[in-house]
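Peer 1: Next up is a structure, given as structure tokens.
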Amino acid sequence: MKSRQPPRETADEKDLRLAEQQHRLEEEKNRLEKELEELGRTSIIRKADLQRQTEWHECQIEAVKRQRQENKGFATTLEY
Numbered sequence: 671m672k673s674r675q676p677p678r679e680t681a682d683e684k685d686l687r688l689a690e691q692q693h694r695l696e697e698e699k700n701r702l703e704k705e706l707e708e709l710g711r712t713s714i715i716r717k718a719d720l721q722r723q724t725e726w727h728e729c730q731i732e733a734v735k736r737q738r739q740e741n742k743g744f745a746t747t748l749e750y
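This is how it looks when you write it as structure tokens:
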């Protein structure tokens, strides 16, 4: 018996999903950076944790950007 596969995501749908993911990550990163600024010198441990989270979000944003570029390249290849 064949299992039913969900319809594959089109390149445009994938780009939209990745763009939304990138936007959410950037918003969270900006919130963390703002909180980090507001903390000033009050809590070194909290500041270090926020810095780590901010760096993680930056890495995730870059990964999503790469995925979007790869997706665009893949979509262009399919058009030929």
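In the numbering used here, the protein residues as written are 671 to 750. Don't be surprised by glycine CBs; every beta carbon is placed ideally from N, CA and C.
Return helix, strand or coil for Arg-722, following the three-state DSSP convention.
Peer 2: Note: Arg-722 maps to helix in three-state DSSP.
Peer 1: Need the endpoints of the alpha helix (DSSP H) that Gln-675 sits in, please.
Peer 2: That residue, Gln-675, is in no alpha helix (DSSP H); it is neither H nor E in DSSP.
Peer 1: Quick one: using the 10 Å Cβ neighbour count with 16 as the cut-off for buried, is His-727 buried or exposed?
Peer 2: With 16 or more other Cβ atoms within 10 Å, it is buried.
Peer 1: For Leu-720 and Glu-705, which I take to be in contact (beta-carbon distance under 8 Å), what is that distance rounded to the nearest angstrom?
Peer 2: The Cβ separation is near 6 Å, so the contact holds.
Peer 1: Can you grab the Cα-Cα spacing for the pair Glu-725 / Gln-739, in whole Å?
Peer 2: Roughly 21 Å separates the two Cα atoms.
Peer 1: Under the rule that 16 or more other beta-carbon atoms within 10 Å means buried, what is Asn-700, buried or exposed?
Peer 2: Asn-700 should be labelled exposed.
Peer 1: Roughly how far, in whole angstroms, is the beta-carbon of Gln-675 from the beta-carbon of Leu-702, given that I think they are within contact range, below 8 Å?
Peer 2: Gln-675 to Leu-702, Cβ: 38 Å. No contact.
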